[in-house]
Structure formats: C-alpha cells, structure tokens
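In our numbering, the protein residues as written are 11 to 186.
Don't be surprised by glycine CBs; every beta carbon is placed ideally from N, CA and C.
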C-alpha cells in the first residue's frame, strides 16, 4: 500500500502532465456505448416487430405476449445509457490517458456486446414469434433463447463497469 500523500502527489503530476486529447478517448467510449447498443436495440426491435405484426394478423390474442422480444431488445439500450452516464460523469478536460483508454475500452465493451445481443434477439425473436404462433408450446423455448441472447449484453456491462472502476485507481507513475 502506498502512502496517501505520495499517491496524491503522483495523481497531481499525472493529471497536470496529461495531453489535452486524453478526454477524447473517454468521450468516444461514451459515444460508442450509447450508439452501438442503440443500433443493436433498434435492429432487435425492428426484426422481431415484423414477425410480431405479421403473426398478429393470424393470432391477435398472442400479440401482447410476443412483444417480449421487442422489450428485451430495448433493455440493451438501457445498458448503453447506464455506461454512458457513468463515463460522462468522470470525463474532465485534464485526465490521465490511461483513464481515457479504459473509458474507450469500456464503451466498446458494452457497445459491441449490445450490438451482438441486439442482432441475436432480432433473429431469435423473428423466428421464435413465427414458430410460437403456429405451435404455442414453443414459446417457453423462445423465451429461454432470448434470455441467453440478452445475457450477452449483460456480460459487456459487467466488463465495462469493471474497467470503469479501475480507470482511476493507481493509474500510473509519473515519469516526467
């Protein structure tokens, strides 16, 4: 464990000698988190909504039950929003490059995982809604597969939060 006075001195040295572009990486991480998860959520919603409405013509009583796919897709954008808010609260004009890089990595982590999960939810939702409209016993299987697809986005959020909590701890030593 380092002396708190030494830690404060190193932190001041690091922040005062950080390049001006350090916050750019944090801002890009913030943007990637919300943009990529929203693209995934949009795709998942649009792809499954096509099946929901086309099958709703034949089986209108299952319309509300089948909207679960679209709801699960929208949860992905909430993951990106949470990560973006956490990142945006710690972006400063003068911050360590290390912090900016970790924020970029965290944003890409949650964003790309959300994008992949959105594609999976859209494809599963499309096929699952069509199948469960013809055979209602397939609905439980569709829900399980949707949960497996959703958890891909959750993995990205977990890794993102771990990276963000480490982004300001014992950053690096100032060698200037």
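Quick one: grab the DSSP three-state call for residue i.
i	result
residue 160	helix
residue 145	coil
residue 175	helix
residue 77	coil
residue 14	helix
residue 185	At residue 185 the pLDDT is 43, less than 50, meaning the model places this residue with poor confidence; the figure from the coordinates comes in the next sentence. Coil at residue 185, not helix or strand.
residue 170	helix
residue 101	coil
residue 106	coil
residue 119	helix
In the DSSP assignment, find the unbroken alpha helix (DSSP H) run with residue i in it and report its ends.
i	result
residue 52	32-68
Since I believe residue j is in contact with residue i (beta carbons under 8 Å), could you give me their beta-carbon distance rounded to a whole number of angstroms?
i	j	result
residue 44	residue 91	6 Å
residue 62	residue 128	That belief does not hold up - the Cβ atoms of residue 62 and residue 128 are roughly 16 Å apart, past 8 Å.
residue 97	residue 39	6 Å
residue 139	residue 58	6 Å
The region 99-107 contacting the region 123-143, beta-carbon criterion three pairs below 8 Å: no
At least three beta-carbon pairs within less than 8 Å, the region 66-78 to the region 109-128: no
Three CB pairs or more closer than 8 Å across the region 115-133 and the region 69-78: no
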